[in-house]
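Student:
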């Protein structure tokens, strides 16, 4: 088995991690906005259902709004590239 002659370097590892994070920044932000929009608006719809007794309509409307707003933000973020 051939042994690699490369030793581990914290500075090289940190630089590589920073470069990868910079490249994935907008895509990661868009993904978080999509998931966050669905969860937050779904949660608000669920709370409205509990408060008004309209189950499951508030949850359904909240999830649909979350998907619409999340995908809008996703398209807006990726179209800037």
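Numbering (the numbering used here), first residue to last: 2 to 82.
We put the beta carbon where it would ideally sit given N, CA and C, even for glycine.
1. Go ahead and label residue 60 buried or exposed: buried means 16 or more other beta carbons lie within 10 angstroms of its beta carbon, across all protein chains shown.
2. Taking only the alpha-carbon atoms, compute the straight-line gap between residue 11 and residue 22 and give it to the nearest angstrom.
3. So, residue 34 versus residue 74, is the Cβ gap smaller than 8 Å?
4. Does residue 69 pass the burial test, meaning 16 or more other C-beta atoms within 10 Å, or should it be called exposed?
5. Go ahead and label residue 13 buried or exposed: buried means 16 or more other beta carbons lie within 10 angstroms of its beta carbon, across all protein chains shown.
Tutor: In brief:
1. Using a 10 angstroms sphere on the CB of residue 60, the tally of other CB atoms reaches 16 or more, which defines it as buried.
2. Spanning the two alpha carbons is a distance of roughly 16 Å.
3. Yes; because the gap between Cβ atoms is below 8 Å, this pair is in contact.
4. It is exposed - the Cβ of residue 69 has fewer than 16 other Cβ atoms within 10 Å.
5. Counting other Cβ atoms within 10 Å of its Cβ, residue 13 stays below 16 and is therefore classed as exposed.
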